[in-house]
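Colleague:
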Amino acid sequence: MTDYNFAYLDEQTKRMIRRAILKGLAIPGYQVPFASREMPMPYGWGTGGVQVSAAVLTPEDTFKVIDQGADDTTNAVSIRTFFERTAGVETTTTTCDASVIQTRHRIPEEPLSEGQILVYQVPIPEPLRFLEPRESETRKMHSLEEYGLMHVKLYEDISRHGHIATSYAYPVKVEGRYVMDPSPIPKFDNPKLGDMAAIQLFGAGREQRIYALPPYTQVVSLDFEDHPFEASKADHPCGMCGAIDSYLDELIIDDTGGRMFVCSDTDFCEARQLAGHKGKDAA
Amino acid sequence: MTPLLSVQGISKRYGIHIGCADVSFDLYPGEVMGIVGESGSGKSTLLNCLAGHLAPDEGQVIFDTRADGPRDTLTMSEPERRMLGRTDWAFVHQHARDGLRMGVSAGGNVGERLMAVGERHYGNIRNKATDWLGRVEIDAARVDDRPTTFSGGMQQRLQIARNLVTGPRLVFMDEPTGGLDVSVQARLLDLLRGLVRDMGLSAIIVTHDLAVVRLLADRLMVMKSGHVVEAGLTDQVLDDPQHAYSQLLVSSVLQV
């Protein structure tokens, strides 16, 4: 591999990104600005995640990419191939074999262990953005811990829908200090953010921000005393593997209203099927 | 008796132009102070300096805080000043749109200050919001409507509810009745007078409408070109103006 430096980015850039990552790990939940580079893919496809992955990869790493839980969708396949070609690292689809996992919109069902790194792709890192469009003002709100506005959003949810209808990118408070956007993961995954053994890194390429959760960090989902946080999922078992505790995708399978629910984490579902579990829709 | 707010020698310049110069006064608990003057006389500059929105070039603004007694708000740290701004102080803007979140329901607008000081019980927040909508004569059924669907007068009353919900002790008002038609003005003034008296609020009201200060203010300051030209009890200043400009101001009011 001589056409590119290892993992595409030059060493100075990786060094700059690693500094941002270290700062992010030192101040959990704080958004660290970094000089995001142009990547050979459009914004919104994971340019932030790719840069963070490139900065943490070593030649001995095993790399896994998931997109909405799946290992075989366009985004996952392209990013996996990208690092196969530019870094020559081993890739895998098995969660426990991977040392670096780049993810979009999901946390794997299988608990991660110490030594693993989970890299999130983040479209909009600022949880207050849709309530307060001014960056100068949101920065001030973070520095002064003025987070009343975040609850105004949840209040609006309840007054309009009768319950907190925010179901993804559900805001969390990290170590009692920073309010953080966990990227658009379903709120079903929110409880896994806290106290996780793996390092969690968040990269937003277009918005040029990196933030991080070190292992075993306290992460609390925001809520009201009389409307507590609930990690919701579709109330069905998986059609393929029969799992009742995994996050499910709803698939329309014909044009007469037929549908099935399957695990969104393909690796988890396949492993269960191999182990002999069978759902009602399995062939 | 300690004054609630003691202003000493406030000056603010914009380059060579004077915003306001050497203004001093004391405001006691429960007292309403009116500031009148023509456009450009420095009324709003003064109010913004007092409320911490602008940094004056000279002077002190000493507020009698609940916790530590009298303190100069200009030398306070920013978090402390902002905390005052959402607990003991309230600021009613001339245009309700400046003081409201237009994309958030009326209930959310009223509840925001409660949530900002740590209220985390939805039911309580909603009850308080509904209660306050009632106090400012907005139908409780409209608690989930956005302010964009409200009339100008209702928006202004909503802004007042949103500001008073945390029980502030000092209210700054910048032309609270500006831009409203006269019958709506009269009702709003009535409402304000009731609230100020019931809650024992102190207030500083900037206006160019002498009827507003006649109804609401205990004391009056007349400003011209950044200077206070006359100060005294409202009735005294309005009925027996001494300074040439005050006389002009009083005689300019149309009698119908």
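Each protein sequence line maps, in turn, to chains Y and E.
Residue numbering for the first sequence follows our numbering, starting at 1 and increasing by one per position.
Residue numbering for the second sequence follows our numbering, starting at 1001 and increasing by one per position.
Every residue gets a Cβ at the ideal spot worked out from N, C-alpha and C, and that includes glycine.
Owing to the predicted nature of the structure, the values given are computational and were not obtained by experimental measurement.
1) Give the secondary structure of Y/Ile17 by DSSP, where H, G and I count as helix, E and B as strand, and everything else as coil.
2) So, at 6 Å on beta carbons, what are the nonlocal neighbours of Y/Ile252 in its own chain, with the 5 sequence-adjacent residues on each side left out?
3) Looking only at C-alpha atoms, which of E/Val1110, E/Asp1198 and E/Leu1215 sits nearest to E/Val1165?
4) So is E/Arg1142 in contact with chain A if we call contact Cβ pairs under 8 Å?
5) Out of Y/Val174, Y/Glu145 and Y/Lys187, which one is the CA nearest neighbour of Y/Ala165?
6) So does the region 1205-1213 of chain E actually touch the region 1117-1130 of chain E, counting three or more Cβ pairs closer than 8 Å?
7) Suppose you measure from the CA of Y/Glu114 to the CA of Y/Asp189; what does that come to, to the nearest Å?
8) At a threshold of 7 Å, does E/Arg1086 count as lining the ligand ADP (C-beta to nearest heavy atom)?
9) Who are the neighbours of E/Ile1125 on chain Y, taking C-beta pairs under 7 Å?
10) Using only CA atoms, which one of E/Arg1135, E/Ser1077, E/Gly1099 and E/Ile1018 lies nearest to E/Leu1188?
11) Taking contact to mean at least 3 C-beta pairs separated by less than 8 Å, is the region 1189-1201 of chain E in contact with the region 260-269 of chain Y?
12) Out of E/Tyr1245, E/Ile1035, E/Gln1008 and E/Trp1089, point me to the one whose CA is closest to E/Ile1062's CA.
13) What residues in the region 1105-1118 of chain E bring their beta carbon closer than 7 Å to a beta carbon of chain Y?
14) Does E/Pro1056 get closer than 8 Å to chain Y when you measure Cβ to Cβ?
15) Residues of the region 218-233 of chain Y with a CB closer than 7 Å to any CB of chain E: list them in chain order, please.
16) Check whether the region 140-155 of chain Y touches the region 1099-1119 of chain E, counting contact only when three or more Cβ pairs, one atom from each stretch, lie closer than 8 Å.
17) Can you tell me which residues form a DSSP beta bridge with E/Val1229?
18) What residues are listed by DSSP as bridge partners for Y/Gly203?
19) Which whole-angstrom value is the C-beta distance of Y/Ile101 and Y/Ile66, which I expect to be below 8 Å?
20) 8 Å is my cut-off, CB to CB: does Y/Gly176 come that close to chain E?
21) Go through its chain and collect everything with a Cβ distance to Y/Glu207's Cβ below 6 Å, but skip five positions before and after it.
22) My assumption, with CB atoms under 8 Å, is that E/Gly1042 sits in contact with E/Met1223. Please give the rounded CB distance.
Modeller: Put simply:
1) Numbered from 1 along the first sequence, position 17 holds the residue referred to as residue 17 of chain Y. Residue state, collapsed to three classes: helix.
2) Taking the first residue of the first sequence as position 1, residue 252 of chain Y is located at position 252. The residues are Arg259.
3) The residue labelled residue 1165 of chain E in the question sits at position 165 within the second sequence. E/Val1165 has its Cα closest to that of E/Val1110, out of E/Val1110, E/Asp1198 and E/Leu1215.
4) In the structure shown, chain A cannot be found, because the protein chains are Y and E.
5) As a first step, residue 165 of chain Y must be located in the first sequence, where it is residue number 165. Selected option, being the one with the closest Cα: Y/Lys187.
6) no
7) Taking the first residue of the first sequence as 1, we reach residue 114 of chain Y at position 114. Taking the first residue of the first sequence as 1, we reach residue 189 of chain Y at position 189. Taking the straight line joining both Cα atoms gives about 19 Å.
8) Absence of the ligand ADP from the depicted structure is noted, as is the absence of any ligand whatsoever, leaving it without description.
9) Indexing the second sequence from 1 puts residue 1125 of chain E at position 125. Tyr155, listed in chain order.
10) In the second sequence, the residue the question calls residue 1188 of chain E occupies position 188. Nearest of E/Arg1135, E/Ser1077, E/Gly1099 and E/Ile1018 to E/Leu1188, Cα basis: E/Arg1135.
11) no
12) Taking the first residue of the second sequence as 1, we reach residue 1062 of chain E at position 62. Comparing Cα positions, the closest option is E/Gln1008.
13) Ser1105, Gly1107, Gly1108, Gly1111, Glu1112, Met1115 and Ala1116
14) Within the second sequence, the letter at position 56 stands for residue 1056 of chain E. E/Pro1056 does not count as touching chain Y.
15) Phe224, Glu225, Asp226 and His227
16) yes
17) Locating residue 1229 of chain E in the second sequence gives position 229, counting from the first residue. Paired residues: none, contrary to the question.
18) Within the first sequence, residue 203 of chain Y is the residue found at index 203, counting from 1. Answer is Y/Gln121 and Y/Ile210.
19) Here residue 101 of chain Y is taken as the residue at index 101 of the first sequence, counted from 1. Here residue 66 of chain Y is taken as the residue at index 66 of the first sequence, counted from 1. With a Cβ gap of about 7 Å, Y/Ile101 and Y/Ile66 count as contacting.
20) Counting from 1 along the first sequence, the entry for residue 176 of chain Y is found at position 176. False, the Cβ-Cβ gap to chain E never drops below 8 Å.
21) Residue numbering aside, residue 207 of chain Y sits at position 207 when the first sequence is read from its first letter. These residues qualify, in order along the chain: Pro125.
22) Start at 1 with the first residue of the second sequence, and residue 1042 of chain E comes out as number 42. Start at 1 with the first residue of the second sequence, and residue 1223 of chain E comes out as number 223. Going by Cβ atoms, the distance from E/Gly1042 to E/Met1223 rounds to 6 Å, so yes, they are a contact pair.
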